[in-house]
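Trainee:
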Amino acid sequence: MIQHDVVIVGAGLAGMRCALEASKELDVGLLTKVYPSRSHSGAAQGGIAAALGNSEPDSWEEHMYDTIKGGDFLNDQDAVEEYVKSAPRVIYELEHMGCIFSRTADGKIAQRSFGGHSKPRACFSADRTGHAILHALHEQLMKNEEKVKIYNEWYMHALIVDGDRCNGVVVSNIQTGEVEVMHAKAVVFATGGYGRIFKITSNAFASTADGVMAAFDVGIPMEDPEFVQFHPSGLYRQGILFSEAARGEGAYLLNGKGERFMETYAPSRMELAPRDIVARAEQSEMDAGRGVDGKDMIHLDLRHLGKERIMERLPQIRQLGIDFLGIDCITDCLPIQPTAHYSMGGIPTDKYSNVILDEEGTRMKGFFAAGECACVSVHGGNRLGTNSLLEAVVFGERAGKSVLEYAVGIDYGNVNEAQEKTRVLEKFEDVFQRDGSESYNDIRDEMKEIMMSHCGVFRDEERLKVCIETLNGLQERFKKGKVTDKGKLFNTEIYEILELGNMLSVAQLIATAALRRKESRGGHFRTDFPKRDDENFLHHSMVYGTPDGLVIKPKSVVITKHQPAERTY
Amino acid sequence: MATFRIKRFNPEKQAEPYYEEFQLEVPAGATLLDCMNLIKWTLDGSFSYRMSCRSAICGSCAVKANGHALLACQRQAEHIIDNDETITLEPLGNMKPVKDLVVDFTPFWDKINKVKPYLEPKEAPPEKERRQSQEEFLLIDDSSTCIMCGACYSDCNTLEVDDNFLGPAALAKAQRFVSDSRDSKTLERVKMLSEPGGIWDCTHCAECVERCPKPARPFDRIKEIMTVALDKGVHNNTGARHALSFFNSVKRSGNLNEGRIPVESMGFFNIPGLLSLLPVGIRMFLKGKIPPIIHHSIEEVDDVKRIFKELDQ
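Order-wise, the sequence lines are chains A and B.
Straight run, no breaks: the first sequence in numbering that gives the first Met the number 0 ends on number 568.
Straight run, no breaks: the second sequence in numbering that gives the first Met the number 0 ends on number 312.
(1) Is A:Asp322 close to chain E? Criterion is C-beta to C-beta, closer than 7 Å.
(2) Among residues of its own chain, excluding the 5 on either side of A:Val556, which ones have a beta-carbon nearer than 7 Å to its beta-carbon?
(3) Contact between the region 183-200 of chain B and the region 99-119 of chain B is defined here as three or more beta-carbon pairs at a separation below 8 Å; is this criterion met?
(4) Using the beta-carbon count (16 or more within 10 Å), is A:Met569 buried or exposed?
(5) Quick check: what's the CA-CA separation for A:Val465 versus A:Arg515?
(6) Taking DSSP's pairing of strands, which residues face A:Phe528 in a bridge?
(7) For A:Thr491, which residues in chain B fall below 7 Å Cβ to Cβ?
(8) When you check each C-beta in the region 76-95 of chain A against every C-beta of chain B, which residues fall closer than 7 Å?
(9) Between A:Lys148 and the rest of its own chain, which residues show a CB-CB distance below 6 Å, the 5 nearest in sequence each way excluded?
(10) When DSSP builds the beta bridges, which residues end up paired with A:Met155?
(11) For B:Gly28, which option in A:Ala21, A:Phe188, A:Gln237 and A:Glu61 has the closest C-alpha, if you only look at C-alpha atoms?
(12) Between the region 171-189 of chain A and the region 503-515 of chain A, do at least 3 Cβ pairs fall closer than 8 Å?
(13) Please state whether the Cβ-Cβ distance between A:Glu358 and A:Lys517 is less than 7 Å.
(14) Name, please, each residue of chain B whose Cβ falls closer than 8 Å to the Cβ of A:Leu319.
(15) Could you work out which residue in A:Asp57, A:Gly176, A:Ile239 and A:Asp223 is closest to A:Ile199 when comparing CA atoms only?
(16) Would you say B:Ser142 faces chain A, with C-beta separation under 7 Å as the test?
(17) In the DSSP output, what is A:Cys374 paired with across the bridge?
(18) So, using beta-carbon positions, are A:Asp275 and A:Gly114 closer together than 7 Å?
(19) How is B:Glu19 classed by DSSP in three states: helix, strand or coil?
(20) According to DSSP, what are the bridge partners of A:Val187?
(21) Which of helix, strand or coil does DSSP assign to A:His572?
(22) Return the bridge partner residues of B:Pro120 from the DSSP annotation.
(23) Under the three-state reduction of DSSP, which class applies to A:Glu60: helix, strand or coil?
(24) State yes or no: is the beta carbon of B:Leu118 nearer than 7 Å to at least one beta carbon in chain A?
(25) Kindly confirm or deny that the region 420-430 of chain A and the region 246-259 of chain A touch, where touching means at least three C-beta pairs closer than 8 Å.
(26) Flag this pair as yes or no: are the beta carbons of A:Lys479 and A:Arg433 separated by less than 7 Å?
(27) Whose C-alpha, out of A:Glu270, A:Asn490 and A:Tyr351, is nearest the C-alpha of A:Ala373?
(28) Would you check if the distance between the CB atom of A:Ala369 and the CB atom of A:Phe394 is smaller than 7 Å?
(29) Can you check which of these residues, A:Gly194, A:Ile442, A:Glu179 and A:Met450, is closest to A:Thr421 by C-alpha distance?
(30) Let me check understanding here. Comparing Cα to Cα, which of A:Glu145, A:Gly41 and A:Pro119 lies closest to A:Ala18?
(31) Ignore the nearest five residues each way along the sequence and tell me which others in B:Arg216's own chain have a CB closer than 7 Å to its CB.
(32) Beta-carbon of B:Arg188 versus every beta-carbon of chain A: anything under 7 Å?
(33) Specify the secondary structure class of B:Pro167 as computed by DSSP and reduced to three states.
(34) Is the distance from the Cβ of B:Glu263 to the Cβ of B:Arg240 below 7 Å?
(35) Could you pull the DSSP bridge partners for A:Gln2 from this structure?
(36) Give the straight-line distance between the Cα atoms of A:Met221 and A:Met343, rounded to the nearest whole angstrom.
This is how it looks when you write it as structure tokens:
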């Protein structure tokens with residue numbers, strides 16, 4: 000049995016920031032199914048938000064209002080307030096650690112405009128801000144290697160709980176296939192999102208809901224799963240990200256007729272409206288036959304920005320266009336489409352990153368979550384660009400502090416090692432024993448297809464019901480999948496199967512919550528209920544697993560400073 | 000229809016690696032990684048490799064294709080198919096294979112760790128950000144694009160014969176801090192990097208620049224560290240002395256004084272070092288390969304001197 004005071008699962012921005020904090024007084028084990036530097040935080044391009052006011056006067060109050068309006072008033076405002084107030088401090092700390100930032104003429108951190116933010120608030124490092132922060136945090140961990148033990152390429156299978164207390168996790172080493180129990184006083188999940196359930200997504204192969212489902216499996220509800228963000232500029236067909244920074248720097252969106260169609264949808268903010276609005280505008284244009292060449296394709300036009308600015312501010316995405324499409328955005332338009340990007344929902348936590356068990360906010364002892372896998376909720380129904388890197392850093396640190404408050408001086412809980420290991424070994428055995436009449440690849444493709452077409456940018460009752468039915472069928476077929484590799488050594492096939500199981504389950508939660516929310520708010524849009532309905536739905540959805548199936552209960556939204564108002568741009 | 004010739008290795012089943020061929024219709028616009036996934040998901044689920052982001056930023060999927068390291072997600076398959084309609088896939092070089100295309104990255108990360116890859120600031124931080132000019136940022140801009148994919152490490156010719164060499168990725172990472180205006184340990188860093196296994200062991204083949212999928216271009220970064228080391232007066236090592244001797248010889252005479260360079264590189268007072276040159280010298284003498292004792296300048300030496308003078312200004 001491996002023992003650490005605290006085990007953190009996930010080594011992206013939230014996990015590593017948490018590790019740095021918790022290791023001040025505790026012995027930390029940091030687990031990742033890839034390597035820290037391979038975490039998906041590194042794919043974030045455009046920036047990290049903070050009201051530094053380095054290029055225009057700005058304030059945390061404005062950042063707070065923009066975030067709440069962007070989230071369609073579903074955000075918990077007490078959490079948002081603490082979050083935006085912390086922003087400048089945590090970014091200065093990153094700079095002090097050595098993170099590199101693009102600079103203004105007077106040497107300050109440079110800031111650019113982003114969708115839904117009323118001021119240029121995105122601090123950036125060219126167009127690889129996530130990568131810069133990820134590596135800066137990894138550097139700090141390498142500096143503190145005696146305090147934080149990193150487990151590269153280990154997979155987390157299950158939480159170990161005893162009543163309302165969390166005592167560790169069951170894991171396995173991907174390289175050797177060995178199953179181990181990690182005994183801990185506290186566990187932190189920083190496991191990221193689950194965009195892989197959609198056909199078109201910007202997410203990495205690793206973004207598969209492992210953390211959310213491990214929590215759900217021990218009886219923790221999932222909060223707001225129906226809110227999924229579609230990013231307006233995914234590379235056509237591949238879905239990989241072309242940063243919103245392109246629009247922040249002034250790029251246009253053009254339909255098949257060459258029109259800047261955002262004029263119709265958000266005349267005051269145009270291309271820099273929040274992502275949900277822009278993605279819906281694109282989808283509407285394509286659905287009306289005004290996509291480029293009649294396809295599900297929109298043009299991102301950077302040509303007027305000029306070579307110099309593109310090379311200085313957006314060199315990486317220019318290279319992506321050249322490598323993946325053979326298109327140079329200096330001279331030609333980039334073909335894009337909406338791509339599943341971010342999950343606003345997740346493991347419910349309070350603003351101290353402590354995981355909660357119900358709509359009353361009852362705490363689970365010794366279990367914390369931060370970053371995309373958590374739902375605090377600072378983003379409400381739709382997250383603004385550059386607010387996610389901020390979330391990961393702020394709540395990663397916050398989780399670390401909460402772990403210190405909780406775990407210093409307490410004893411380890413009881414764990415039955417053999418029993419916990421057996422549970423996971425049986426899971427493996429179950430996969431190996433299946434009759435092999437179905438292809439996991441087909442099941443995965445069909446899941447991605449139905450989630451995109453029936454539970455995507457636009458939803459309605461009929462399509463959601465079909466989606467749920469289809470997912471039920473896929474769950475059955477999943478139990479008969481064919482496995483080729485039964486070895487222990489670096490068996491990537493078996494992990495892909497376990498991930499697919501998690502994805503099928505989370506897809507059910509999303510579709511079920513989407514069916515029940517009969518209104519349109521933020522990233523959740525029902526064509527049969529196209530208006531926001533504060534009277535009936537100004538609340539979070541808490542989805543519980545019960546013996547009788549999924550049960551959804553409302554959890555009230557914390558409103559402090561800003562009453563819900565009409566949301567136009 | 001293209002043939003993917005893949006080097007398979009699974010020590011659980013068979014001690015020796017072997018090549019296996021898969022036929023695949025390459026979809027239009029498919030990346031090499033897309034093709035690898037099609038093979039894994041539709042032909043052989045046991046085919047193992049690393050992957051994650053699909054957008055050339057996580058550094059997971061570096062492999063050797065047709066003999067050279069690259070990022071599988073970054074390249075269109077049709078661009079790397081050779082004349083025989085074949086793509087040969089092998090694991091990265093200079094690291095131990097674990098299974099199929101998966102290699103053991105431990106030595107790679109150990110060497111990254113050796114260069115103290117973190118900022119050692121000059122003083123306690125100010126309340127807000129430290130100031131750094133855009134020009135200072137540009138000095139570390141390229142090296143900070145490194146994604147630790149290992150492509151340079153795989154194809155490094157020095158590493159192939161010398162395990163002790165820190166390798167291109169670690170040295171590029173080192174430059175990231177050597178040239179950071181916020182760092183206080185520049186001298187200590189370049190001293191450490193001038194030791195055996197460091198910058199002067201690079202053979203300047205620039206293979207790492209060819210293989211780097213990002214603008215990090217390790218050899219360019221190594222040259223930048225060399226410049227800083229020489230500027231800081233870190234000359235007390237064979238590599239620096241060799242470079243300076245080379246420089247002075249050209250400056251004085253317009254060509255290389257091949258008799259003098261080995262002696263100056265070793266150091267005039269380095270008796271054991273000089274003695275170690277003797278056997279080579281004697282063999283060269285016997286084969287008539289000893290350069291002329293009296294070194295002559297080239298005819299246009301004044302032009303050379305003028306160039307050096309202008310460069311000095």
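Where is the CB? At the ideal position from N, CA and C, for every residue including glycine.
Fair warning: this is a prediction, and the values are worked out from it, not measured in the lab.
Mentor: In terms of the structure at hand:
(1) Among the protein chains in the structure shown, which are A and B, there is no chain E.
(2) Taken in chain order, the residues that qualify are Leu73, Asp75, Leu537, His538 and His539.
(3) Enough Cβ pairs lie closer than 8 Å, so yes.
(4) This structure cannot speak to residue 569 of chain A, because chain A is shown only from 0 to 568.
(5) Here the alpha carbon of A:Val465 sits roughly 14 Å from the alpha carbon of A:Arg515.
(6) When beta bridges are read from the DSSP output, A:Phe528 appears opposite A:Arg525.
(7) Taking the beta carbon of A:Thr491 as reference, the chain B residues within 7 Å of it are Ser47, listed in sequence order.
(8) Taking 7 Å as the cut-off between beta carbons, the residues of the region 76-95 of chain A near chain B are Tyr91, Glu94 and His95, in sequence order.
(9) Closer than 6 Å at Cβ, skipping near neighbours: Gly28.
(10) A:Met155 has A:Val170 as its beta-bridge partners, per DSSP.
(11) Per the Cα distances, A:Gln237.
(12) No, the region 171-189 of chain A is not in contact with the region 503-515 of chain A.
(13) No; because the gap between Cβ atoms is not below 7 Å, this pair is not in contact.
(14) Under the 8 Å cutoff, chain B gives Ser54 and Ala55.
(15) That would be A:Ile239, whose Cα lies nearest to the Cα of A:Ile199.
(16) No - not a single Cβ of chain A is within 7 Å of the one on B:Ser142.
(17) Listed as beta-bridge partners of A:Cys374 by DSSP are A:Pro347.
(18) Taking a C-beta distance under 7 Å as the contact criterion, A:Asp275 and A:Gly114 do not qualify as a contact pair.
(19) Three-state result, B:Glu19: strand.
(20) Per DSSP, the beta bridge partners of A:Val187 are A:Ile7 and A:Phe367.
(21) Absent from the model: residue 572 of chain A. The displayed extent of chain A is 0 to 568, so no value can be given.
(22) When DSSP reads this structure, B:Pro120 sits in a beta bridge with B:Asp182.
(23) Residue state for A:Glu60 is assigned as helix, using DSSP reduced to three classes.
(24) Yes, B:Leu118 counts as interfacial toward chain A.
(25) The answer is no - the region 246-259 of chain A does not touch the region 420-430 of chain A, with fewer than three Cβ pairs under 8 Å.
(26) Yes, the pair counts as a contact, with Cβ atoms nearer than the cut-off.
(27) If we check each option's Cα against that of A:Ala373, A:Tyr351 comes out closest.
(28) For the 7 Å CB-CB criterion, A:Ala369 and A:Phe394 form a contact.
(29) Nearest option by C-alpha distance: A:Glu179.
(30) Of the candidates A:Glu145, A:Gly41 and A:Pro119, A:Glu145 places its Cα closest to the Cα of A:Ala18.
(31) So the list reads Asp141 and Val208, once near-sequence residues are dropped.
(32) Not an interface residue.
(33) If DSSP states are grouped into helix, strand and coil, B:Pro167 belongs with the helices.
(34) Contact flag set, yes.
(35) Answer by DSSP bridge pairing, in chain order: A:His182.
(36) Cα-Cα distance, rounded: 11 Å.
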